[in-house]
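So the structure is just underneath, and the comments pick up after that.
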Amino acid sequence: MSVATKTMTRVRVREKPVHQTVGLVLRYGVLIAIGLVMFMPFILAFLGSFKTDAEIIAWPPRLLPETWRWENWVKVWRTDLGEGATFPRWLFNTAFLSVTVAVLEVIACSMAAYAFARLRFPGRDAVFNFMLGTMMIPGAVTLIPAFVLMSKLKLLNTYWSLLLPGIVSAGAIFMLTQFFKTIPRDLEEAALIDGASQVQIYKDVILPLARPALLTVFILQFQAMWNNFLTPLLYLDAPKMWVLNVALSVFKQQYKAQWNLTLVGAVFNAVPVLLLFFFFSKYYIEGVAYAGVKG
Amino acid sequence: MKSKWLLNLTSVLVLMALLIVACGPTTPEPTEPPTEEPAETEPAEGNCPIAVEDGATITFSGWGDETEQQIYRDSIERFKEVCPGVTVNYEPIPADFQTKLKAQMAGGTAPDVFYVDDQLMTAFGPTGQLLALDDYMAEGGVSRDDFIPALLTIFTLDGKTYGLPKDWGTLGLVYIPEVFDEAGLDYPTEDWTWDDLRTAAQAIAENTDYGGFCQNADWARFAPWVFSNGGAYANDDFSSATLDTPEVKEMAQFVYDMYEEGSLVTAADVGASWCGEAIGKKLVGMTLEGGWMVNFMRQNYLDQEWAAVLIPQGPKTRADVIFTNAIGVNAATKYPKAAAAFTIYVTGRENQAEIVKTGFAYSTHPDQVDLVVDPNDKAIASGGVLPDSRVAYWGPNTGKVNDVVSKALERVYLGDQDVDESFAQAQEEADAALKGE
Amino acid sequence: MQAQKTSSQGSTNLVAIGAFVLVFGVLFVITLTNAPVRSTAQVTETLGAYLTEVRTTAMPFLIVVGLLAAGVASVAALVVRREWPDLTRRRALIAGYSFLAPYLLVTLTFTVGVILFALYIAFTQYEIYTTPTFVGLDNFAQALKSKDFQQSLHNVLWYAFIVTIAQTTIAIALAVLLNTPMRFRQFFRTIFYAPSVTSSVVITVIFVWLYLKTGYINLFLDRVWNLFGLEYKAVDWLGNPKGLIQLVVEASGGKIPSQQWYLRGPSVAWCALMVQNIFTTAPTFMIMFLAALQDINPALYEAASIDGASGWQQFWKITLPLLRPIVVLVLVLSTIGTLQIFDQVYLATAGGPLGTTMTPVYLVFNEALGKQGPIQMGYASAIAFILAVLIFIFTFVQRRVIERGTEMY
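These protein sequence lines map, in sequence, to chains L, Y and A.
Take the first sequence: its position 169, counting from 1, is numbered 597 in this note's numbering, and each next residue is one higher.
Take the second sequence: its position 312, counting from 1, is numbered 394 in this note's numbering, and each next residue is one higher.
Take the third sequence: its position 405, counting from 1, is numbered 408 in this note's numbering, and each next residue is one higher.
So, in structure tokens, the structure goes:
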């Protein structure tokens with residue numbers, strides 16, 4: 429993958445025959461329709477979060493709320509189940525875990541990728557293939573035994589239970605390895621001649637050049653941890669330690685017919701990731717594409 | 083030559099490693115929780131049920147919303163007056179209680195005293211995680227006869243008591259007087275039978291826009307029907323299911339006939355998520371619900387008038403289903419006496435009398451049943467003290483067996499199978515479940 | 004010279020032994036933490052208590068894994084012995100494994116160790132508060148005989164089949180649609196991808212709400228039906244257990260008896276969850292296809308249109324074959340993902356109605372946490388392994404069958 433992004437050359441069309449214009453309109457029409465379909469659930473959820481209890485279960489359901497009940501949002505924000513289990517706390521848990529894991533992953537995975545891509549040592553290919561092999565292991569197998577391990581290590585309901593296993597991701601290592609391989613060796617060779625150690629090369633040469641890839645890893649892993657449900661469900665089940673996903677699943681049971689409140693929780697959960705995505709969509713998309721295509 | 087040397091070295095080191103583990107601490111750690119010397123305990127102060135350890139600190143946990151939490155905080159205050167030397171830390175778990183407690187138990191961080199339901203009894207009882215309370219009960223002058231007998235069955239194992247029932251609930255016939263007025267019917271009475279119920283439901287369905295009788299395909303709501311016909315889901319020693327029996331199938335057929343003729347509806351049919359909501363929204367005339375309706379209606383549908391009577395009579399007897407939970411003690415607790423004292427107090431007459439006054443739950447002592455204040459609640463509760471009323475408990479695999487019954491009813495409701503087929507299949511599935519498959 | 008060589012030989016051997024001890028030590032500690040013993044307050048209270056428990060109950064596990072660890076450690080020692088004398092090679096070895104250290108430690112503890120534990124308890128009855136007792140193949144036999152498990156496999160196979168095909172087709176279609184030069188392409192690409200970005204919990208909660216009898220999906224269909232002058236009866240999507248094939252059969256007056264439940268096809272509720280999943284995951288695959296499409300040399304298409312090939316022909320003869328590796332990847336990823344579906348089932352239907360949305364991972368979860376009966380971790384582990392074998396077989400076959408054609412290109 430080239431470090432610079434490709435730019436599309438625009439083709440200037442002087443004449444537009446009628447059928448081409450119709451085709452164009454049709455195409456845009458289809459795209460807009462699909463876009464609406466894709467985004468509609470979020471729009472509806474957002475609108476729904478402002479509705480009253482009666483509106484939310486009325487038939488037929490209206491599109492816009494009659495009154496914009498900000499109280500729903502306040503009520504959800506003020507949720508307090510006692511013993512420190514509050515909504516802001518859950519938001520903090522989720523954000524803290526996502527950022528920390530992403531940072532740790534960038535460090536640990538780039539170290540491993542550097543070893544695979546640049547260093548030559550016996551067993552390198554064996555360990556690399558081993559790593560690829562671990563990607564094939566279905567999560568279902570390790571789910572419950574990992575839970576038992578965590579409880580033995582007394583890490584349940586601590587952040588470590590998610591941070592420790594979270595710092596390795598075979599996918600991230602793989603992607604970074606491929607990327608590192610494309611970095612030209614001249615700079616490194618120059619540094620080696622100057623007597624730099626491997627660590628220095630890693631820190632001062634490779635990492636700066638790999639910024640886009642590292643940023644992509646950071647973003648993707650942030651998203652993965654923010655959206656993680658099953659592992660926090662098992663490991664962090666003390667109400668104080670919940671992440672937003674787990675809290676949302678409880679809301680759904682607790683509020684039952686009060687969908688407006690549950691939807692507030694859903695929107696709260698979705699907005700940060702969506703915002704991150706819209707601002708950094710380039711990295712997201714190239715990261716996913718890269719992992720899939722060049723792999 | 084070198085590789086052989088290395089091989090020898092390898093085996094020696096492996097053996098050494100294993101020996102280190104094998105010859106670890108030579109005296110095994112005590113597996114019994116340390117028992118305090120009698121000299122260190124204070125004599126039973128005031129009304130403290132039993133002599134507790136010095137400076138005991140215990141944690142107590144349960145589920146429940148704010149109302150329930152407040153009730154137990156008050157109970158802790160009362161306990162403190164009676165046993166001042168004990169510090170009780172209350173750590174409620176509002177959601178996913180059973181899962182969390184099982185995880186805590188595995189990690190060694192479970193509370194000293196906690197709610198025990200049938201699921202936790204299944205997980206902790208046979209595996210020795212609960213403390214047997216009989217000796218402490220004897221010391222505290224509490225006997226099993228103090229409690230409604232049906233409530234203790236779940237928490238008894240090999241003749242020992244592992245939990246003291248803290249409250250219980252049951253079902254009664256809940257109805258809306260307005261609907262009966264509109265249909266020109268007399269209100270249900272405590273002499274009613276299922277046939278009377280059916281007649282009334284038919285009349286309501288025919289003459290008004292409301293549903294007659296609301297009941298989902300639910301093992302819990304179906305249980306009183308079965309019990310009143312002398313049936314049960316499994317036999318007495320839980321070795322096999324008793325679903326493919328006339329007692330069960332007759333009642334299933336009765337319920338299905340009502341569904342087919344339109345006098346019985348499910349909550350979903352009228353647009354509610356459960357039958358209590360259907361009453362609240364005045365969508366049906368009657369249903370079977372429990373004492374929770376008092377608070378539910380007061381909080382959500384204050385303007386809707388409703389009433390309740392005793393559960394109807396069946397062909398053989400009148401019997402109700404009982405739901406109950408207990409309080410139990412962690413076998414690994416460091417303060418068994420304090421924990422047992424707390425358990426005995428909270429489930430004792432003095433404390434339960436206070437709880438009943440709040441309308442939260444019924445006392446588990448037979449002589450306190452008439453302390454219930456609300457008349458509707460009282461009518462419902464009287465179903466629980468009927469001699470044939472029982473808990474829907476079928477051993478450690480209760481959950482699966484009950485689920486099989488719900489599914490059998492679902493199949494019948496959906497017209498997937500007729501009653502005979504569905505319950506024959508249910509019999510097979512329940513037998514497998516009872517064997518732990 | 005001779006003396007120098009032997010002395011350096013001696014110090015190398017010492018280092019090799021040190022390496023052996025280090026590697027074996029680390030592996031052994033990992034093994035100890037993963038040892039299958041009962042997990043209760045007494046055992047986990049102190050390290051001493053734990054070790055005693057391991058000694059008394061988990062020796063077979065320790066011995067087997069200990070031998071494996073010794074094997075690995077020996078290899079490590081031999082490698083060290085070979086590389087140590089040469090300074091540069093020694094440095095490379097140390098550097099390599101130092102950089103790999105975080106990855107190796109975490110993976111060995113939380114993946115390898117855990118899998119060995121899982122494999123061991125799959126052959127035992129393990130109720131977590133009691134010591135695991137060996138039961139041989141009983142767990143596997145019980146799983147295969149269990150109707151719940153059979154139904155979960157049935158469900159998940161339908162799910163994988165339908166969702167994979169639908170996702171892949173839609174993803175390719177969307178990618179082709181977006182592949183032509185146009186304004187706002189980035190914008191559309193971003194919008195299309197949005198559903199994939201949020202968590203499964205958010206999507207499921209929103210969809211459960213949309214699927215309500217009084218929800219928007221029924222509203223939409225109601226309006227559409229009304230357009231054609233037809234009456235629409237609101238469907239309780241997530242509560243409907245009727246299978247698709249069953250509906251067709253019943254519409255023509257037949258009936259599939261309950262004993263042959265496996266002939267009924269996926270239920271309406273299951274299909275509703277499938278739609279939700281397709282909606283969420285197709286965009287991710289669309290991105291992959293889009294990237295691959297952009298790699299295709301446009302000259303190929305120009306040459307084809309000069310030869311008179313239509314757009315459709317170009318698609319079939321040029322685009323699809325060149326996309327084959329990505330198609331394989333997408334199929335494999337999709338299969339692995341769909342066969343393990345859990346989140347949506349847990350949140351939306353809890354395995355109902357009538358068990359038509361039960362999945363193996365959900366079953367693992369329930370059995371291991373004792374939701375309806377005693378805790379049965381050994382049984383849960385056996386189910387997980389059966390599923391893993393199934394996944395492996397599927398992906399292996401897929402890669403073999405489809406990749407066979409790629410050599411041509």
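Every residue, glycine too, gets a C-beta built ideally from N, C-alpha and C.
| Check | Outcome |
| --- | --- |
| Going by DSSP in three states, ARG472 of chain Y sits in which element: helix, strand or coil? | strand |
| For ILE248 of chain A, which residues in the same chain have their Cβ closer than 8 angstroms to its Cβ, ignoring the five residues on either side in sequence? | ILE259, LEU266, ARG267, GLY268 |
| How long is the line joining the alpha carbons of LEU181 of chain A and GLN628 of chain L, rounded to whole angstroms? | 43 angstroms |
| Beta-carbon within less than 7 angstroms of SER606 of chain Y's beta-carbon, same chain only, minus the 5 sequence neighbours each way: which residues are those? | Residue 606 of chain Y lies beyond the residue range present for chain Y, which begins at 83 and ends at 519; the question has no answer from this structure. |
| Once DSSP output is grouped into helix, strand and coil, what is the label at PRO397 of chain Y? | coil |
| Could you name the residues of chain L that TYR162 of chain A contacts, counting a contact when the two beta carbons are closer than 7 angstroms? | Neighbours of TYR162 of chain A on chain L: none; closest Cβ ~15 angstroms, over 7 angstroms. |
| Does the beta-carbon of GLY497 of chain Y have 16 or more other beta-carbons within 10 angstroms, so that it is buried, or is it exposed? | exposed |
| I'd like the list of long-range same chain contacts for LEU35 of chain A, defined as Cβ closer than 7 angstroms, with 5 residues on each side in sequence excluded. | VAL57 |
| Excluding five sequence neighbours on each side, which residues of the same chain lie with their C-beta closer than 8 angstroms to the C-beta of ASP268 of chain Y? | PHE262 |
| Verify the CB distance criterion: does PRO726 of chain L have a CB-CB separation below 8 angstroms to chain Y? | One cannot answer for residue 726 of chain L here, as it falls past the ends of chain L, which runs 429 to 723. |
| Which same chain residues end up closer than 6 angstroms to GLY312 of chain Y when comparing Cβ atoms and leaving out the 5 residues on each side of it in sequence? | GLU329, LYS398 |
| Tell me the rounded alpha-carbon separation between THR287 of chain A and VAL716 of chain L. | 7 angstroms |
| From the DSSP output, in three-state form, read off THR275 of chain Y for me. | strand |
| By the criterion of Cβ-Cβ separation under 9 angstroms, what are the contact partners of SER42 of chain A in chain Y? | MET187, ALA188, GLY189, GLY190 |
| Please identify the residue among A:GLY314, A:ILE131, A:ASN280 whose C-alpha is closest to the C-alpha of THR341 of chain A. | A:ASN280 |
| Quick test of your reading: GLY463 of chain L and ILE194 of chain A, contact by CB under 8 angstroms. State the CB separation rounded to the nearest angstrom. | 4 angstroms |
| If we cut at 8 angstroms on Cβ distances, does LEU691 of chain L have a partner in chain Y? | no |
| Put TYR172 of chain Y into one of helix, strand or coil per three-state DSSP. | strand |
| Counting contacts by CB-CB distance shorter than 8 angstroms, is ALA486 of chain L in contact with chain Y? | no |
| Is GLY551 of chain L close to chain A? Criterion is C-beta to C-beta, closer than 8 angstroms. | yes |
| On a CA-only basis, which of A:TYR132, A:ALA121, A:GLN154, A:ASN158 is nearest ASN142 of chain A? Give me that one, please. | A:ALA121 |
| Note down the Cα distance separating VAL596 of chain L from THR110 of chain A, rounded to an integer number of angstroms. | 7 angstroms |
| Pairing CB atoms from the region 411-428 of chain Y with CB atoms from the region 386-395 of chain Y, are three or more of them under 8 angstroms? | no |
| Using a Cβ-Cβ distance under 8 angstroms, would GLU494 of chain L count as near chain Y? | no |
| Run the CB neighbour count on LYS479 of chain L, radius 10 Å, all protein chains shown included, and call it buried at 16 or more, exposed below. | buried |
| Let me know the secondary structure DSSP gives THR171 of chain A once reduced to three states. | helix |
| What did DSSP end up calling CYS130 of chain Y once you bin it into helix, strand or coil? | coil |
| Give the single residue among Y:LEU213, Y:VAL170, Y:PRO247, Y:ILE236 whose Cα lies nearest to the Cα of ASP228 of chain Y. | Y:PRO247 |
| On a Cα-Cα basis, can you pick out the residue from Y:ARG431, Y:ASP277, Y:ASP513, Y:GLN201 that is closest to PHE405 of chain Y? | Y:GLN201 |
| Name, please, each residue of chain L whose Cβ falls closer than 9 angstroms to the Cβ of ALA198 of chain A. | The question names Ala, but residue 198 of chain A in the sequence shown is Pro. Near PRO198 of chain A (Cβ distances below 9 angstroms), the residues of chain L are MET466, PHE467, PRO469, PHE470. |
| On the criterion of 16 or more Cβ atoms from any shown chain inside 10 Å, does GLU533 of chain L qualify as buried, or is it exposed? | buried |
| For GLN499 of chain Y, collect the residues of the same chain with a Cβ closer than 8 angstroms to its Cβ; drop the 5 residues on either side in sequence, then sort them by chain order. | ARG493, GLN507 |
| Could you please give me the residues that DSSP links to TRP250 of chain Y through a beta bridge? | Y:THR406, Y:TYR444 |
| Between ARG490 of chain L and GLU483 of chain L, how many whole angstroms is the CB-CB distance? I'm expecting something under 8 angstroms. | 7 angstroms |
| Mapping the DSSP letters down to three states, classify TRP87 of chain Y as helix, strand or coil. | Low confidence applies to TRP87 of chain Y: its pLDDT is 48, below 50, so where it sits in the model is not reliable, and the reading given next is rough at best. Helix. |
| From which residue to which residue does the beta strand (DSSP E) around SER504 of chain Y run? | Where SER504 of chain Y is concerned, there is no enclosing beta strand (DSSP E), although the alpha helix (DSSP H) it sits in stretches over 501-516. |
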